[in-house]
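In our numbering, the protein residues as written are 14 to 204. These notes concern the structure reproduced below.
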């Protein structure tokens with residue numbers, strides 16, 4: 014997939030640090046896409062065992078690949094990039110290097126938009142992004158809109174299957190190979 018440079022005047026930025034990709038996150042990105050000219054999706058985390066996603070088998074690289082697959086057909090409006098947090102201190106000490114890397118990703122993927130809107134799910138992000146990025150708008154997404162968590166999906170995958178987007182479903186499935194033909198089975202197992 015070619016890397017598109019976003020040139021719109023208003024850019025929405027959505028962070029994707031969850032281990033699973035629920036349909037609700039796609040809805041959030043669609044909302045950001047409707048409100049802005051373009052959207053930058055930043056998949057953040059690390060490939061180390063400190064990362065919840067990596068511990069469940071979904072490394073940062075794999076999540077990045079799957080999220081790009083979700084938005085493959087929207088590459089004119091949506092760009093997906095990743096932010097590796099492996100060498101960063103945990104919050105609150107890690108906010109400054111984290112915000113600097115976010116700024117680098119914005120510079121790398123956009124033509125200097127006039128308006129930036131961050132879409133976040135935690136109030137802590139609102140406070141810190143307003144502090145380090147005062148010219149940007151930060152929109153906190155209500156939990157009632159996004160009423161299922163990644164933990165709930167991981168804990169009860171079958172019940173929440175409808176919330177998992179297709180590229181991520183392969184992580185939760187096991188393939189079984191059945192060798193032989195139906196004729197052989199009937200011959201060896203008469204009813």
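Idealized CB from N, CA, C, for every residue including glycine. As the structure is a prediction and not an experimental result, all values here were calculated from the model.
- Run the CB neighbour count on residue 155, radius 10 Å, all protein chains shown included, and call it buried at 16 or more, exposed below. Position 142 of the chain shown, counted from the first residue, corresponds to residue 155. Exposed, because fewer than 16 other Cβ atoms sit within 10 Å of the Cβ of residue 155.
- What number of angstroms, rounded off, separates the C-alpha of residue 177 from the C-alpha of residue 166? Counting from one through the chain shown, the residue named residue 177 turns up at place 164. Counting from one through the chain shown, the residue named residue 166 turns up at place 153. Each residue's Cα considered, the two are about 8 Å apart.
- Which residues share a DSSP beta bridge with residue 23? By 1-based counting over the chain shown, the position of residue 23 is 10. BP columns for residue 23 point to 128.
- Query: Can you tell me whether residue 63 is buried or exposed, with buried defined as 16 or more other CB within 10 angstroms of its CB?
  - Reply: Locating residue 63 in the chain shown gives position 50, counting from the first residue. With fewer than 16 Cβ atoms within 10 Å of its Cβ, residue 63 is classed as exposed.
- Query: So is residue 15 buried or exposed if we call it buried at 16+ other beta carbons inside 10 Å?
  - Reply: Counting from 1 along the chain shown, the entry for residue 15 is found at position 2. Confidence at residue 15 is low in this model, with a pLDDT of 49, below 50, so its placement is unreliable and the value that follows should be read with caution. The residue is exposed, with fewer than 16 neighbouring Cβ atoms inside 10 Å.
- Query: For residue 14, does the three-state DSSP call read helix, strand or coil?
  - Reply: Here the question's residue 14 lines up with position 1 in the chain shown. Per-residue confidence for residue 14 stands at a pLDDT of 46, beneath the threshold of 50, marking its modelled position as unreliable; no derived number is given.
- Three-state secondary structure (DSSP) at residue 57? If you number the chain shown from 1, residue 57 lands on position 44. Correct three-state label for residue 57: strand.
- Task: Determine the contact status of residue 142 and residue 118, defining contact as a CB-CB distance below 8 Å.
- Result: Here residue 142 refers to the residue found at position 129 of the chain shown. Here residue 118 refers to the residue found at position 105 of the chain shown. No, the pair does not count as a contact, with Cβ atoms beyond the cut-off.
- Query: If you count every other CB in all the chains shown that lies within 10 Å of the CB of residue 174, and 16 or more means buried, which is it?
  - Reply: By 1-based counting over the chain shown, the position of residue 174 is 161. With fewer than 16 Cβ atoms within 10 Å of its Cβ, residue 174 is classed as exposed.
- Is residue 84 helix, strand or coil when you go by DSSP? Locating residue 84 in the chain shown gives position 71, where the first residue counts as 1. Coil at residue 84, not helix or strand.
- Message: Less than 6 Å between C-beta atoms, sequence neighbours within five positions excluded: which residues of the same chain meet that for residue 51?
- Response: For this step, residue 51 is matched to residue 38 along the chain shown. Correct list, in chain order: 19, 21, 24, 90.
- Are there 16 or more other CB atoms within 10 angstroms of the CB of residue 99, so buried, or fewer, so exposed? Here residue 99 refers to the residue found at position 86 of the chain shown. By the Cβ-count criterion, residue 99 is exposed, with fewer than 16 other Cβ atoms from all chains shown falling within 10 Å of its own Cβ.
- Message: I need the straight-line Cα distance from residue 185 to residue 75, nearest angstrom please.
- Response: As a position in the chain shown, residue 185 is number 172, starting the count at 1. As a position in the chain shown, residue 75 is number 62, starting the count at 1. Rounded to the nearest angstrom, the two C-alpha atoms are 13 Å apart.
- Message: Quick check: residue 48 and residue 130, are their CB atoms within less than 8 Å of each other?
- Response: Here the question's residue 48 lines up with position 35 in the chain shown. Here the question's residue 130 lines up with position 117 in the chain shown. If you check the CB distance, residue 48 and residue 130 come in under 8 Å.
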